[in-house]
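Residue numbers (the numbering used here): 375 to 869.
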Ligand SMILES: [Zn+2]
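Listed below in structure tokens is the structure:
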């Protein structure tokens, strides 16, 4: 065994390049459809990167895991059972779970426990994911339509959509509160249970849901479809594109495109900034879906939508911490100094911007994207969690003299509690990336151990960044390899 040690002395900001996207992962047999475009940076599986002790990131992950265990799946399932006509098994939680957005938290929870299991192998979390999938399948069976959900009046809301009866506004569709937003979260949770927790049953359930989506929107006229999309619809295009990639069935790609609007995505395709006055988090997921579709189809329009949106948001609508929006809305581009309010930087927006950044990095790894990712991860995402009890911020406020307001464990469920459950269990996903030419990108200075199976190399990173300006990398190799370090982009190439 050969061991190499070296210290990279870094000038804090300028040396390293960043990350990529968790999809695609190299040689990933879970996806029948491979990227149509050249992938230049591949993600590692969550299980191949372990956070090590004594970092704020590991601390945040541990607190999040403890919170996930405090939550009771049966309480999150309350309205799923009720709406399916089955006996409830637990009391409903407070906040938006008791209101019109109920069910979205379960989707995030399913994603979070699945990712935590993938990261750590802790079977307690897999059992939680498996239990929820089984219960959702039971609800789906009872309803007999393929749908499973927890939204008040959902049969009426979607039944009318299917008939072409559509009343819609910013957050209202036929009297429901952004119902497609919640459907997206549940479907994403199921896809994540399949991808991260290896639950095959979850894939079967979500495919039945996708078929129900087809039944619901498949016969809408163009006018009806676009009217429906006036109401926030989350990342429906993204999750359906992923179901296409997993199954190889073209109908899900076609269905994904049913969730592309004109009033934002059409503008982006023409390289016009549509965001002034727009609700930020309604629109970031649309660009993620476009990015995923570009990977799977190579269609240039999707690339323009995703990349123009990213540049517009990062360079014209983002504050210094990498977040965007004041009271959830974007203002005039480049005019942020008079919008430093108590309610800047909704945390969901940055959760989604980081997802988008990872896709774009995988196509073209650049320091610009890496720097944004690092800035937003350290200064917004990490800062959105209370380091004492693991609770989350909806906003990270930038007004002078203001203070953060954190969620309550069981009574203030919001969108940002949902994304917050996921944020802190997946820090391992963007520290390292594998370059298409056999090199390695080191993107984030987070104490961790990478098991690079393909190369037979283990890399342990020790750092106290940002308190110190250096990181130490310890290489353990099964057999001798030649190591070349590229100073230019801080790659490490193995031959
Ligand atoms: Zn939010």
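Heads up, the beta-carbon is just placed ideally off N, CA and C, and yes, glycines get one too.
Quick caveat, the model's predicted, so the values are computed rather than measured.
When the Cα atoms are used, what is the spatial distance from residue i to residue j?
{"i": "residue 592", "j": "residue 531", "result": "16 Å"}
{"i": "residue 461", "j": "residue 509", "result": "12 Å"}
{"i": "residue 646", "j": "residue 681", "result": "12 Å"}
{"i": "residue 621", "j": "residue 407", "result": "8 Å"}
{"i": "residue 859", "j": "residue 595", "result": "57 Å"}
{"i": "residue 513", "j": "residue 529", "result": "14 Å"}
{"i": "residue 851", "j": "residue 424", "result": "17 Å"}
{"i": "residue 468", "j": "residue 780", "result": "15 Å"}
{"i": "residue 474", "j": "residue 785", "result": "15 Å"}
{"i": "residue 800", "j": "residue 662", "result": "18 Å"}
{"i": "residue 569", "j": "residue 775", "result": "43 Å"}
{"i": "residue 574", "j": "residue 714", "result": "46 Å"}
{"i": "residue 847", "j": "residue 436", "result": "24 Å"}
{"i": "residue 526", "j": "residue 550", "result": "7 Å"}
{"i": "residue 813", "j": "residue 416", "result": "10 Å"}
{"i": "residue 638", "j": "residue 748", "result": "27 Å"}
{"i": "residue 533", "j": "residue 840", "result": "53 Å"}
{"i": "residue 668", "j": "residue 418", "result": "21 Å"}
{"i": "residue 482", "j": "residue 517", "result": "22 Å"}
{"i": "residue 561", "j": "residue 857", "result": "43 Å"}
{"i": "residue 763", "j": "residue 496", "result": "21 Å"}
{"i": "residue 804", "j": "residue 739", "result": "12 Å"}
{"i": "residue 602", "j": "residue 664", "result": "19 Å"}
{"i": "residue 721", "j": "residue 790", "result": "6 Å"}
{"i": "residue 490", "j": "residue 439", "result": "7 Å"}
{"i": "residue 730", "j": "residue 400", "result": "19 Å"}
{"i": "residue 503", "j": "residue 709", "result": "44 Å"}
{"i": "residue 651", "j": "residue 778", "result": "24 Å"}
{"i": "residue 656", "j": "residue 588", "result": "22 Å"}
{"i": "residue 742", "j": "residue 642", "result": "21 Å"}
{"i": "residue 371", "j": "residue 413", "result": "Residue 371 cannot be examined here, being either before or after the span of the chain that is shown, 375 to 869."}
{"i": "residue 716", "j": "residue 705", "result": "15 Å"}
{"i": "residue 782", "j": "residue 629", "result": "38 Å"}
{"i": "residue 420", "j": "residue 547", "result": "37 Å"}
{"i": "residue 559", "j": "residue 855", "result": "44 Å"}
{"i": "residue 672", "j": "residue 810", "result": "18 Å"}
{"i": "residue 700", "j": "residue 750", "result": "16 Å"}
{"i": "residue 644", "j": "residue 634", "result": "15 Å"}
{"i": "residue 678", "j": "residue 465", "result": "46 Å"}
{"i": "residue 557", "j": "residue 454", "result": "12 Å"}
{"i": "residue 450", "j": "residue 787", "result": "10 Å"}
{"i": "residue 535", "j": "residue 411", "result": "36 Å"}
{"i": "residue 382", "j": "residue 844", "result": "Bear in mind that the predicted position of residue 382 carries a pLDDT of just 34, short of 50, making it unreliable; the figure below should be weighed with that in mind. Distance between the alpha carbons of residue 382 and residue 844 is about 6 Å."}
{"i": "residue 387", "j": "residue 598", "result": "At residue 387 the pLDDT is 27, less than 50, meaning the model places this residue with poor confidence and gives no usable figure here."}
{"i": "residue 660", "j": "residue 754", "result": "21 Å"}
Quick one: does residue i have its CB under 8 Å from some CB of chain D?
{"i": "residue 577", "result": "Protein chains in the displayed structure number just one, and chain D is not present."}
Indicate whether residue i and residue j have their beta-carbon atoms separated by less than 8 Å.
{"i": "residue 770", "j": "residue 686", "result": "no"}
{"i": "residue 434", "j": "residue 756", "result": "yes"}
{"i": "residue 827", "j": "residue 422", "result": "yes"}
{"i": "residue 654", "j": "residue 703", "result": "yes"}
{"i": "residue 610", "j": "residue 658", "result": "no"}
{"i": "residue 492", "j": "residue 584", "result": "no"}
{"i": "residue 565", "j": "residue 507", "result": "no"}
{"i": "residue 605", "j": "residue 543", "result": "yes"}
{"i": "residue 835", "j": "residue 853", "result": "no"}
{"i": "residue 792", "j": "residue 476", "result": "no"}
{"i": "residue 824", "j": "residue 832", "result": "yes"}
{"i": "residue 519", "j": "residue 586", "result": "yes"}
{"i": "residue 618", "j": "residue 626", "result": "yes"}
{"i": "residue 725", "j": "residue 797", "result": "yes"}
{"i": "residue 457", "j": "residue 523", "result": "yes"}
{"i": "residue 485", "j": "residue 563", "result": "yes"}
{"i": "residue 442", "j": "residue 766", "result": "no"}
{"i": "residue 670", "j": "residue 615", "result": "yes"}
Is it the case that the CB of residue i approaches a heavy atom of ligand 3 more closely than 7 Å?
{"i": "residue 760", "result": "Among the ligands in the structure shown, ligand 3 does not appear; only ligand 1 can be found there."}
Distance cut 7 Å, beta-carbon to ligand 1 heavy atom: residue list by chain order: 655, 720, 721, 722, 768, 788, 789, 790, 793
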